[in-house]
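Taking it in order: structure first as structure tokens, then the write-up.
Residue numbers (my numbering): 4 to 164.
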């Protein structure tokens, strides 16, 4: 074998080894994409959950729920939590790339209790956004209401704004 062939052979081995090492390194540094949803059992949340499960962008769709929910898809991860417990919410959100907030209630469900309404529609999403930021989540998406406005004279639209 001449010198040129040996050098070419060594170069090919180096490039192949480099590719293998680089590929292994790439696999290790690439993390799976995780979407977390609060409010996944409501009208909008159910639809969003289905869309995210069908889409290939996220590897895992994590739902944070107050009541047990059946796991219907291998991409689905169900976390039973208490939204009043900051640490359990942070643990459930750990590793999330994007948090989607679809949580909300109705006057009928809270029987006119404005304090409870505010807790569900404002405090839980606000706390989740803050806690998500604390654990390093980069994106938080809020799904609210048409005409939401913090300056509205209507309780609902003011709360949603």
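All C-beta atoms in this analysis are idealised placements derived from N, C-alpha and C, irrespective of residue type, glycine included.
Listed in chain order, the alpha helix (DSSP H) runs fully inside the stretch 96 to 161 are 110 to 113, 117 to 121, 127 to 137, counting runs of at least 4 residues. Residue range 46 to 57 is occupied by the alpha helix (DSSP H) that includes residue 47, with no beta strand (DSSP E) assigned at that position.
Judged by beta-carbon spacing, residue 82 lies within the 8 Å limit of residue 65, meaning their Cβ atoms are closer than that value.
By alpha-carbon distance to residue 73, the top candidate from 61, 49, 86 is 49.
In the displayed model, residue 94 falls within a helix according to three-state DSSP. When DSSP reads this structure, residue 63 sits in a beta bridge with 37.
In the three-state reduction of the DSSP assignment, residue 82 falls in the strand class.
Three or more Cβ pairs closer than 8 Å define a contact, and the stretch 41 to 55 meets that threshold against the stretch 103 to 122.
Going by C-alpha positions, residue 98 is about 7 Å away from residue 140.
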